[in-house]
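Take a look at the structure below.
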Amino acid sequence: MSTTFGELVKEGARLLADGGVDEPYRTAGRLVRELLNVDAVTLAAHPERAVSDADAELVRRAFRRRADGEPLQYITGWQNFYGRDFQVTRDVLIPRPETELLVEVSLEHIRTRPQPVWRLLDLGTGSGCLAVTLAAEIPTAQVVAVDISPAALAVAAANAQRHGVAERVRLVESHWLDAVPTTPPFDLVVSNPPYVAQTDWPALQREVRDHEPYVALVGGEQGTEVYAHLLAALPPYLVAGGKFACEVGFEQAARVCAVGEAAGWWVERVIHDLQGIARTVVFTFPQVFSDNHRTWPGQGNEG
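Using the numbering used here, you'd call the opening residue of the sequence shown number 5 and step up by one each time.
Encoded structure:
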């Protein structure tokens, strides 16, 4: 006997509830819609519509995966970020809404300072959500997107192609800056680096800990080691007064700001997310001359 849309959603909701999944009915409905390419109106208006055995089994497998803790985005293969759908696999971190703050602050900076070309660098690009979004939003942007993982770069390449910016997003396999040339310099660097402390990793939600890539999550024993590395290494890669905007973890902003200031950066802004958490830090680096004297943008060289 065939299963119907309504029966399949109810079956999935029970399984997901037993697995401890939040909003089980809503999640079951989303899986049915996305995997069977059914819109929400049709699903709600025609719960009696029959589902083939093959399609029902496809959806049931997805229910079981989600009940076992696998994130919904890995099951459907997509996540929305800044109004665009991005392909995601278990090789990349799932884009988060809070990371859109990096896009917002970057666009604010770029749109108030028109110039013929903007050279941008995205360190640890993963799915390419930052690099691709910035390239799509800023037609004059030329973006270099770096990741150590060839599999992640393949996902980023697919997303760049999907959103029509592949010609302006250059993908580089590199451990941070190792394979990135210092010339021509960049106007703006963005990064959502690994920032989970090693000791915090076991306590992460199972969806994160057991399924998202460890290398994209854990930033060392303290969680801030990557920031120290990047803040020390980045100055030669930037134009005078160039900026570095990065996402930080819970209660990390003060430590990351202190690391940056010790390395000679100015902390320009600390931006909070909707929960009031300091989530994004924007640094500016002074102009550096061969005599090692520094001037801040607008001061000129006082030698």
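Every residue, glycine too, gets a C-beta built ideally from N, C-alpha and C. Remember, predicted model here, so these are calculated numbers, not experimental data.
Residues bridged to residue i (per DSSP)
i	result
Gln83	Phe90
Ala54	Thr8
Ala276	Position check: residue 276 holds His in this sequence, whereas Ala was assumed. According to DSSP, His276 bridges with Ala282.
Glu112	Answer is none; Glu112 lacks a bridge partner.
Ser195	Leu127, Cys250
Phe190	Leu242
Gln119	Looking at the DSSP assignment, Gln119 forms no beta bridge with any residue, so it has no partner.
Arg100	Answer is none; Arg100 lacks a bridge partner.
Alpha-carbon spacing of residue i relative to residue j, whole angstroms
i	j	result
Asn296	Phe254	Interpretation of Asn296 is limited by its pLDDT of 36, a score under 50 that renders its predicted location unreliable; no figure is taken from the coordinates.
Ala156	Glu265	32 Å
Thr46	His276	39 Å
Arg123	Gly81	30 Å
Thr103	Ser6	43 Å
Val286	Val63	43 Å
Beta-carbon proximity of residue i to residue j, cut-off 7 Å
i	j	result
Gln202	Val230	no
Asn196	Glu251	yes
Leu105	Val194	no
His167	Arg65	no
Ala139	Val173	yes
Pro198	Leu242	no
Thr137	Val107	yes
Leu20	Thr8	no
DSSP three-state assignment for residue i, whether helix, strand or coil
i	result
Asp22	helix
Glu216	coil
Phe289	coil
Leu308	In the structure as shown, the chain starts at 5 and stops at 307, and residue 308 therefore has no counterpart that could be examined.
Leu181	coil
Ser294	Unreliable positioning characterises Ser294 in this predicted model, as indicated by a pLDDT of 36, which lies under 50. The coordinate reading is nonetheless provided below. Reduced to three states, the DSSP call for Ser294 is coil.
Ala145	strand
Val169	coil
Trp269	coil
Asp151	strand
Proximity winner among the options, relative to residue i (alpha-carbon distances)
i	options	result
Gly224	Asp204, Pro239, Gly130, Val212	Asp204
Asp95	His215, Arg283, Phe287, Tyr199	His215
Val36	Ala21, Glu15, Arg210	Glu15
Ala54	Tyr29, Leu40, Glu272	Leu40
Ala100	Val147, Ala158, Gly130, Pro239	Before going on, a small fix: residue 100 reads as Arg here, not Ala. Out of Val147, Ala158, Gly130, Pro239, Gly130 has the C-alpha closest to the C-alpha of Arg100.
Gly33	Asp26, Leu12, Leu278, Ala183	Leu12
Ala232	Glu211, Gly246, Val263, Lys247	Val263
Leu234	Trp270, Gly280, Leu181, Leu125	Leu181
Gly23	Ser178, Phe9, Pro185, Arg68	Arg68
Ala236	Ala267, Phe85, Asp72, Thr187	Ala267
Pro76	Tyr218, Arg210, Ala282, Pro239	According to the sequence as given, residue 76 is Leu; it is not Pro. For Leu76, the nearest C-alpha among the options comes from Arg210.
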